[in-house]
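As you go down the protein sequences, you meet chains V and E in turn.
Residue numbering for the first sequence follows my numbering, starting at 91 and increasing by one per position.
Residue numbering for the second sequence follows my numbering, starting at 2 and increasing by one per position.
All C-beta atoms, glycine included, are put in the ideal place defined by N, C-alpha and C.
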Amino acid sequence: MNDRAVPGAGELEFLSQLARATSRRKFLEWSGVTLAVAVVGCGDDDNGMTGPGAVSAADSTATVPATVAGGSAVTITVQAKDAGGRNLTSGGAAVAATVTGANSAGPISAVDNGDGTYTLTYTPANTGSDAVAITLNGTAISGSPFTVTVTSEAVSLGTGDAGVLNYAYALEQLEAAFYTQAVASLYTGATAEETRILTDIRDHEVIHRDFLKAALAAGAIPDLSVDFTSVDFTSRDSVLGTARTFEDLGVSAYNGAGQLLESADYLLLAGKIVSVEARHAAAIRDLLNPLSADFAGDDVVDAQGLDQSRLPANVLPLADPFITTPIDASGLPTA
Amino acid sequence: MKSPTVLGGLDPDLTAKVVSRREAMTRSGRLAGVLAIASLPAVFGVFARRAFAQGTLPAGIVDVLNFALTLEYLEDEFYRTGLDADIAGDLDLGGTRAVFAQISKHETAHVALLQSVLGADAVAKPTFDFTAGGTFGDVFTNPGTFITLAQGFEDTGVRAYKGQAGNLIADNGVLTTALRIHSVEARHASAVRRLAQSPAEKGWITLASNTVAALDPVYAGEELTTQGSVDLTQFGSAEAASEAFDEPLSREDVEAIAGMFIVS
Chain V
91 MNDRAVPGAG ELEFLSQLAR ATSRRKFLEW SGVTLAVAVV GCGDDDNGMT GPGAVSAADS
151 TATVPATVAG GSAVTITVQA KDAGGRNLTS GGAAVAATVT GANSAGPISA VDNGDGTYTL
211 TYTPANTGSD AVAITLNGTA ISGSPFTVTV TSEAVSLGTG DAGVLNYAYA LEQLEAAFYT
271 QAVASLYTGA TAEETRILTD IRDHEVIHRD FLKAALAAGA IPDLSVDFTS VDFTSRDSVL
331 GTARTFEDLG VSAYNGAGQL LESADYLLLA GKIVSVEARH AAAIRDLLNP LSADFAGDDV
391 VDAQGLDQSR LPANVLPLAD PFITTPIDAS GLPTA
Chain E
2 MKSPTVLGGL DPDLTAKVVS RREAMTRSGR LAGVLAIASL PAVFGVFARR AFAQGTLPAG
62 IVDVLNFALT LEYLEDEFYR TGLDADIAGD LDLGGTRAVF AQISKHETAH VALLQSVLGA
122 DAVAKPTFDF TAGGTFGDVF TNPGTFITLA QGFEDTGVRA YKGQAGNLIA DNGVLTTALR
182 IHSVEARHAS AVRRLAQSPA EKGWITLASN TVAALDPVYA GEELTTQGSV DLTQFGSAEA
242 ASEAFDEPLS REDVEAIAGM FIVS
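In structure tokens:
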């Protein structure tokens, strides 16, 4: 700004200072007539100061949000600069971004704002870490690639009995999604027995899920995003092993949640579901090791003949690898 | 939602019940502590027994637990008798023996647990007739009959515990213990039901289907396809809807079923 003095009389000096002190655009709006004098008086000296040189990708910068909620647009502003680090004030460069990582997009062409800035947007659906590579005229800009962490706002289960039912609804969503996928692409070689059992269980879990959603009505949590990348749906062992994990977990979760409910009506409803989950668990376990003691094995039933019981704080970490939507269970009753 | 919801429509007087439960929990705080002891390994049972002998269990809970104990006595003696008959060569359990041995182990443990909790309040074991006066005369010689009765007993046990859960809601410790027995009975029920089929498939109850007339009361009401005020057939078939939810039985209905096998 000060590398060359503004020539001329006091009026131009005044105008120049005013332009610096306020915004030039506002100044334009305020006094168009006087501006004409100023612009004319400035001649080819933009802003009344030294103009920027040729655009330099390596010196251009971008403002990138470090974190963003999934489903919301990420807005990135690129500032074109010259080799001296001075902002360009006119457009014309080709700015583009390519997103890799949790989400994939691009190349995305930027909107040229015509003032040396460019605006890029993309909307990530998946949570995780994205790498956003930005180029200007084909060359990476300073700081590229940028990292954007995509989070979701945690879904709150709520409080009281409704919170406990939402907790159950979350688990049923997980189970229903798993069996829906398992049955839709059943592993090769599944026996008629295995097909029948997996299909029945899918039907039951879908009904549990939809029932709880209907029961909770407006209080129901939204649909959760699930992640079964750790499951090999082409593998019998992987599918049945995951099913066993989910069913045993579901049984222990309902057993532990009963004491959190205040309403005897809801307790009964939970009881009606948990015994079916236990039936599932036994059937899946019997598929894995037929005619053995595993259907109610010593790994899940203790020496007093008691099945497992887990509180939400001990269940959710086990479900977490399969549910990408963050869940806030802090409102649940603890006793 | 066009229909009233469970949360919105079930019980306008819920608040009063909730408050009473809170009060009950406070009042039974001492009991909860005692029951925590009961849930420790069996070696500590003697301490629990002493504690309960002091009369700290509310009469209502003693009543429910004795009802459960009677059913556990029935199951325990049934399986031990069957396993003995298998060893004696009268009842050929074949490849199913491991399943029944595991169930028997659990029923024995349930009897011991309930006895230790109830202490001096525990009811005595009745005298059983598993032929039900001759209706199931070959129960300990015909594996098919043995499996049929086992399935009936397990399904009855699941429904019985479920029906009593609400009566235990005031005590978290007792309730959770009962739920943990309840799901074990359901695992048993699934395994035995699959043994009864060829080929083995469903471990769940479809509608109120049952092929043994004497056991019809065990399945009465299981065909329900509406829960709360929600019609489940909008989410799946009637068969799946009935399978997805197990129904409770009242104490009276359970006692009528068990009564067929109790001589005195």
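Can you tell which of the options has the C-alpha that lies nearest to the C-alpha of residue i?
i	options	result
Asp217(E)	Phe129(E), Leu150(E), Ile62(E) and Phe236(E)	Leu150(E)
Asp376(V)	Asn227(V), Leu422(V), Phe323(V) and Ala333(V)	Ala333(V)
Leu408(V)	Leu358(V), Gly348(V) and Ser342(V)	Ser342(V)
Val188(E)	Leu70(E), Glu108(E) and Thr82(E)	In the sequence as displayed, the identity of residue 188(E) is Arg instead of Val. Nearest C-alpha to Arg188(E): Glu108(E).
Ala310(V)	Ile224(V), Asp220(V) and Tyr259(V)	Tyr259(V)
Ile291(V)	Val118(E), Asn143(E), Ser243(E) and Asp156(E)	Ser243(E)
Leu208(E)	Ala239(E), Leu250(E), Glu186(E) and Phe154(E)	Ala239(E)
Asp254(E)	Val63(E), Gly61(E) and Phe68(E)	Phe68(E)
Asp397(V)	Ser420(V), Thr414(V), Ala419(V) and Val364(V)	Val364(V)
Leu169(E)	Ala152(V), Asp355(V), Thr415(V) and Glu265(V)	Asp355(V)
Arg98(E)	Ile182(E), Ala113(E), Arg81(E) and Ser184(E)	Arg81(E)
Leu210(V)	Asp251(V), Gly143(V), Ala419(V) and Thr153(V)	Thr153(V)
Gly191(V)	Thr335(V), Asp317(V) and Thr239(V)	Thr239(V)
Leu378(V)	Glu283(V), Val321(V) and Glu367(V)	Glu283(V)
Asp384(V)	Gly158(E), Val185(E), Leu115(E) and Leu250(E)	Val185(E)
Thr289(V)	Ala304(V), Gly206(V), Val273(V) and Ala360(V)	Val273(V)
Leu115(E)	Thr136(E), Glu73(E), Phe147(E) and Asp85(E)	Glu73(E)
Val65(E)	Ala166(E), Pro249(E) and Phe79(E)	Ala166(E)
Gly250(V)	Leu357(V), Gly206(V), Tyr212(V) and Asp313(V)	Leu357(V)
Gly153(E)	Phe79(E), Ser117(E), Thr177(E) and Pro127(E)	Phe79(E)
Ala308(V)	Ile417(V), Phe268(V), Ala360(V) and Gly253(V)	Gly253(V)
Ile287(V)	Leu306(V), Ala304(V), Leu247(V) and Glu337(V)	Glu337(V)
Ala86(E)	Pro144(E), Ala161(E) and Leu180(E)	Pro144(E)
Arg181(E)	Val159(E), Ala171(E) and Phe101(E)	Val159(E)
Leaving out five residues before and five after residue i in sequence, what residues of the same chain have Cβ atoms less than 8 Å from its Cβ?
i	result
Asn211(E)	Asp217, Val219 and Tyr220
Ala133(E)	Ala215, Met261 and Phe262
Glu202(E)	Arg195
Pro411(V)	Asp317 and Ser320
Asp202(V)	Gly181, Gly182, Ala183, Val185 and Tyr208
Leu119(E)	Phe53, Leu58, Val63, Leu66, Asn67 and Leu70
Thr278(V)	Thr324
Excluding the 5 residues flanking residue i on each side, which residues of the same chain have their C-beta closer than 6 Å to its C-beta?
i	result
Val185(V)	Val168, Ala200, Tyr208 and Leu226
Ser191(E)	Gly204
Asn193(V)	Pro214, Asn216 and Asp220
Ala368(V)	Val341
Ala267(V)	Val316
Gly133(V)	Low per-residue confidence applies at Gly133(V): pLDDT is 40, beneath 50, and the placement is therefore not dependable enough to give any value.
Phe457(V)	Chain V is shown only over 91 to 425; residue 457(V) falls outside these bounds and no answer can be derived.
Val189(V)	Ala195, Gly196, Tyr212, Asp220 and Val222
Ala163(V)	Thr211 and Thr213
Identify every residue that forms a DSSP beta bridge with residue i.
i	result
Thr209(V)	Thr167(V) and Val201(V)
Ala152(V)	Val168(V)
Gln198(E)	Per DSSP, none; premise fails for Gln198(E).
Ile268(E)	The question about residue 268(E) has no answer, for chain E in this structure spans 2 to 265.
Ser265(E)	Beta-bridge pairing links Ser265(E) to no other residue.
Val231(E)	Gln228(E)
Asp418(V)	Ser246(V)
Asn193(V)	Paired residue(s): none; Asn193(V) is not in a bridge.
Asn177(V)	Lys171(V)
Thr241(V)	Ala159(V)
Val222(V)	Val189(V) and Phe236(V)
Val145(V)	Asp172(V)
Ala66(V)	Residue 66(V) is absent from the model: chain V starts at 91 and stops at 425.
Excluding sequence positions up to five away, which residues of its chain have a Cβ less than 7 Å from the Cβ of residue i?
i	result
Asp130(E)	Phe262 and Val264
Lys171(V)	Ser146, Asp149, Ser150, Thr151, Asn177 and Leu178
Gly143(V)	Asp172, Ala173 and Gly174
Leu401(V)	Gly346
Glu155(E)	Glu186, His189, Ala190 and Val193
Leu302(V)	Leu255, Ala258, Tyr259 and Glu262
Thr146(E)	Phe137, Asp139 and Val140
Gly218(V)	Gly191, Ala192 and Val240
Val19(E)	Caution is warranted here: a pLDDT of 36 is assigned to Val19(E), below 50, making its placement in the model unreliable, and the coordinate value is therefore given only provisionally. There are no such residues.
Within the present structure, is the beta-carbon of residue i separated from the nearest heavy atom of the ligand FMN by less than 7 Å?
i	result
Thr151(V)	With respect to the ligand FMN, the structure shown offers nothing to examine, as it has no ligands at all.
At a cut of 8 Å, does the region 218-226 of chain E reach the region 298-307 of chain V through at least three beta carbon pairs?
-> Segments in contact, no.
Counting Cβ pairs closer than 8 Å, one from the region 91-98 of chain E and one from the region 356-372 of chain V, do we hit at least three?
-> Taking a cut-off of 8 Å on C-beta distances, the region 91-98 of chain E does not touch the region 356-372 of chain V, as fewer than three cross pairs fall below it.
Should the region 386-405 of chain V be regarded as contacting the region 322-331 of chain V, the criterion being three or more beta carbon pairs within less than 8 Å?
-> These segments do not touch.
May I ask you to verify whether the region 234-250 of chain V touches the region 170-178 of chain V, counting CB pairs closer than 8 Å and requiring at least 3?
-> The answer is no - the region 170-178 of chain V does not touch the region 234-250 of chain V, with fewer than three Cβ pairs under 8 Å.
Is there contact between the region 284-295 of chain V and the region 346-361 of chain V, where contact requires at least three CB pairs shorter than 8 Å?
-> No, because fewer than three Cβ pairs between the region 284-295 of chain V and the region 346-361 of chain V fall closer than 8 Å, the two stretches do not touch.
Which residue spans inside the region 380-416 of chain V form an unbroken beta strand (DSSP E) run of at least 3?
-> The region 380-416 of chain V contains no whole beta strand (DSSP E) run of 3 or more residues.
Say whether the region 405-425 of chain V touches the region 191-203 of chain E, bearing in mind that this needs 3 or more beta-carbon pairs closer than 8 Å, one atom from each stretch.
-> Contact check between the region 405-425 of chain V and the region 191-203 of chain E: fewer than three CB pairs, one atom from each, fall below 8 Å, which does not count as touching.
Determine which residues of the region 391-409 of chain V have a Cβ less than 8 Å from any Cβ of chain C, and write them out in chain order.
-> Chain labels in this structure do not include chain C; the protein chains are V and E.
Sequence ranges, alpha helix (DSSP H) only - wholly within the region 304-364 of chain V, length at least 4 | Counting only runs that start and end inside the region 304-364 of chain V, the alpha helix (DSSP H) elements of at least 4 residues fall at 326-347.
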